[in-house]
Amino acid sequence: MARKNRDELASWDEPAPEPVFCPICERVIPEDQRDEHHLVPKSKGGKKTVLLHRICHDQIHSIFTDAQLAKKFSTIEAIVEDPAVQTFVTWVRNKPPSFSDSAKESRQSLRRGR
Ligand SMILES: [Zn+2]
Ligand SMILES: [Zn+2]
Numbered sequence: 623m624a625r626k627n628r629d630e631l632a633s634w635d636e637p638a639p640e641p642v643f644c645p646i647c648e649r650v651i652p653e654d655q656r657d658e659h660h661l662v663p664k665s666k667g668g669k670k671t672v673l674l675h676r677i678c679h680d681q682i683h684s685i686f687t688d689a690q691l692a693k694k695f696s697t698i699e700a701i702v703e704d705p706a707v708q709t710f711v712t713w714v715r716n717k718p719p720s721f722s723d724s725a726k727e728s729r730q731s732l733r734r735g736r
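Residue numbering for the sequence shown follows my numbering, starting at 623 and increasing by one per position.
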């Protein structure tokens, strides 16, 4: 009995990290690419979040405004049905999970400098 308990404890020492899947592109999200998306934007009182790739998250916010997200696209189903999102998903699915379009990010941060 005592020995059995010890064995069970030993197997709990290093739990395997749970893979997190991105609901947009359905690929695994590496830990350093995880971004929280508010299904209803925080500015509209939303609290529920989902984990997405940083690149998928950026894409959603470049396609939709906060008002659109709050009104029409407050579910993953609605977001992925949008043709612009589908075009992006088709493209990003062929990239490795850790892929991030750094050229695009720096262009965006320049534009965002305000
Ligand atoms: Zn977001
Ligand atoms: Zn993704």
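Note that CB positions come from ideal geometry on N, CA and C, so glycine has one too. Since the structure is predicted, the reported quantities are computational estimates derived from the model, not experimental observations.
query = Beta carbon of residue 710, beta carbon of residue 701: below 7 Å?
reply = no
ask   = Would the C-beta of residue 682 count as close to ligand 2, meaning under 6 Å from any of its heavy atoms?
value = no
request  = For ligand 2, enumerate in chain order all residues having a CB closer than 5 Å to any of its heavy atoms.
outcome  = 644, 646, 647, 675, 678
task = Would you mind sorting residue 714 into buried or exposed? The rule is 16 or more other CB atoms within 10 Å of its CB.
result = buried
inquiry  = Could you tell me the alpha carbon to alpha carbon distance between residue 684 and residue 692, rounded to whole angstroms?
reply    = 15 Å
request  = Please report how far the alpha carbon of residue 659 lies from the alpha carbon of residue 671, in whole angstroms.
outcome  = 5 Å
inquiry  = I'd like the ranges of any beta strand (DSSP E) spanning at least 3 consecutive residues and lying wholly in the stretch 646-702.
reply    = 656-660, 671-675
query = Rounded to a whole number of angstroms, what is the C-alpha to C-alpha distance between residue 673 and residue 643?
reply = 8 Å
request  = Give me whichever residues DSSP pairs with residue 643 in a beta bridge.
outcome  = 650
key: Delimiting residues of the alpha helix (DSSP H) encompassing residue 710   = 705-714
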